[in-house]
Amino acid sequence: MTKMTKMTGNPFYARGVVNPRYFANRAELLGFFRENIGECMNSKIARPDNIAILGNWGIGKTSTLYKFRDIIHNEMKNARAFSVIFPLKPSICTNADIFATSLMDALFRQYSVSMPLKGRIVETIKEESKVWEKWKLEKLSLKPELKRKDNGGSAVNLTETLLNLWNKLESNGVEIGVIMLDDIHYLLTGGWDGSLYDLRTDIQALSAQGARYMFVITGQTFLYPEMHELAEPFTRLFEKFEIGNLDLDGTREVIEKPLMVEDTGIKISDEVIGRIHDITEGHPFFIVFIMRDLLREIKQGRIDIEKFNEVYPSIIEHLTKTKFQDDFNKATDAERETLLKIAGLNEVVFTPSDIKGGSQSKLFERLMEKELLVKISRGKYRLYHTMFWEFLKMMKKGTS
Ligand SMILES: Nc1ncnc2c1ncn2[C@@H]1O[C@H](COP(=O)(O)OP(=O)(O)OP(=O)(O)O)[C@@H](O)[C@H]1O
Ligand SMILES: [Mg+2]
72 MTKMTKMTGN PFYARGVVNP RYFANRAELL GFFRENIGEC MNSKIARPDN
122 IAILGNWGIG KTSTLYKFRD IIHNEMKNAR AFSVIFPLKP SICTNADIFA
172 TSLMDALFRQ YSVSMPLKGR IVETIKEESK VWEKWKLEKL SLKPELKRKD
222 NGGSAVNLTE TLLNLWNKLE SNGVEIGVIM LDDIHYLLTG GWDGSLYDLR
272 TDIQALSAQG ARYMFVITGQ TFLYPEMHEL AEPFTRLFEK FEIGNLDLDG
322 TREVIEKPLM VEDTGIKISD EVIGRIHDIT EGHPFFIVFI MRDLLREIKQ
372 GRIDIEKFNE VYPSIIEHLT KTKFQDDFNK ATDAERETLL KIAGLNEVVF
422 TPSDIKGGSQ SKLFERLMEK ELLVKISRGK YRLYHTMFWE FLKMMKKGTS
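Each residue of the sequence shown is one higher than the one before, starting from 72 at the first, in the numbering used here.
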């Protein structure tokens, strides 16, 4: 009974990565990761597999990286590992030097180390970081920013720098270094020609020279085939995992895990879980968003379908204001016209030729880049979520 009145606060948060303790589902992917790390712990000769995590907007790519980090540094207590999560953005993907410099900077600043090695590794990293800063200063002293050498090569040799670091880490007991590059698709648009080939060369050279780095990349699903076509040898380096919407059990876990971990005493009825699953189609962002709002309204006890239905309209209103309206606003006039035409279709799945007026393929591409449209197979598309479709129908009604 005391539990019913306990106030623990709202564990749901949809605007950032999920707390690793609440991380739900994705068993196959986590299993593959754990096994890989385990093998490297148990054998001097094992080489880790690199992993590519692909998925659409808000599906949990970044959250998975933080979960990986938690697995090696907290869950596997005896892991002797080093890791870094490096979020890519367009400005650091403009050329090889800026990329390498930013990666090394991030690595020296945002790394994590497992407990058994903490003191020693932190010291090593500090020393290496000083060497790196000094080197950078010397390189940069005459130039406002890193430029390519006259011979066309790069100023920063990424392989050499990472190899050097590996040797230091290894002699201090580290058995694996996990380098996670989030949102790899920026490499395609940042302006660095041949980026995938360059990176592949680095990854291969490191592996060949015995540096036990595992590279984990994340990216948008629809860009991967393009990456594959552009640089097949790059994609070949990775074991590919696609993460998509969750099934009912996955949805249940997203809902129940935080409630249980925090011992909130709040109980969600099966019917409500089923309803949330239907509405969200198992999309983690929307599940978490709805749960956050639900717990804001109802702070204790059992939440059944009647209670849920009472607060649901205000949740949708909130979602419309914060998400769908924003989605719509980021489209140009021409793209909005297309979106409203899509709202008038009867089918969830459609092709550009279903939309009348002008050439739609360019518009479709741009809407895909804005993550509002999802390509499901050759020539076939759908909106990124049915709830957005409903929203557009409302907009269409309002304008006609
Ligand atoms: N496995 C999971 N368990 C619980 N919640 C999750 C899970 N995956 C994602 N979420 C929730 O979904 C939301 C989006 O997750 P995240 O930011 O990791 O996705 P993403 O794929 O990196 O998105 P983006 O495309 O914006 O980069 C977060 O609020 C997070 O709480
Ligand atoms: Mg992300």
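Ideal Cβ positions, reconstructed from N, Cα and C, are used throughout, including at glycine.
- Note that the C-beta distance between Phe139 and Val359 is not below 9 Å.
- Classified as buried, Ile163 has 16 or more neighbouring CB atoms from the shown chains inside 10 Å of its CB.
- Residue environment analysis places Ser424 among the exposed positions, since fewer than 16 neighbouring C-beta atoms fall within 10 angstroms of its C-beta.
- For the beta strand (DSSP E) assignment, the uninterrupted runs of no fewer than 3 residues enclosed by the stretch 160 to 238 are, from N- to C-terminal side, 182 to 184.
- In the structure shown, the three-state DSSP call for Arg283 is coil.
- Taking all protein chains in view, the Cβ of Gln280 is surrounded by fewer than 16 other Cβ atoms within 10 Å, so the residue is classified as exposed.
- Of the heavy atoms belonging to ligand 1, at least one sits nearer than 8 Å to the Cβ of Tyr84.
- Across the structure, Pro355 and Trp206 are spaced so that their CA atoms are roughly 44 Å apart.
- Taking C-alpha positions only, Ile274 is separated from Leu267 by approximately 10 Å.
- DSSP assignment within the stretch 401 to 463 yields the following whole beta strand (DSSP E) runs of 3 residues or more, N-terminal first: 444 to 448, 451 to 454.
- When rounded, the separation of the alpha-carbon atoms in Thr457 and Val419 is 8 Å.
- By the criterion of a C-beta distance shorter than 8 Å, Thr470 is surrounded in its chain by Leu411, once the five residues flanking it on both sides are discounted.
- By the Cβ rule, the stretch 250 to 263 counts as touching the stretch 286 to 294, because three or more pairs are nearer than 8 Å.
- About 31 Å separates the CB atoms of Asn113 and Gly321; that is not less than 8 Å, and the two are not in contact.
- DSSP places Leu301 within a helical segment (H, G or I) once states are collapsed to three.
- Here Trp237 has Ala282 as same chain residues with Cβ atoms under 6 Å from its own Cβ, once five neighbours each way along the sequence are excluded.
- With 7 Å as the limit, the residues whose C-beta approaches a heavy atom of ligand 2 more closely than that are Lys132, Thr133, Asp253, Asp254, Thr289, in chain order.
- Ligand 1 has no heavy atom closer than 8 Å to the beta-carbon of Phe293.
- One thing to note: Ile376 has its Cβ within 9 Å of the Cβ of Val343.
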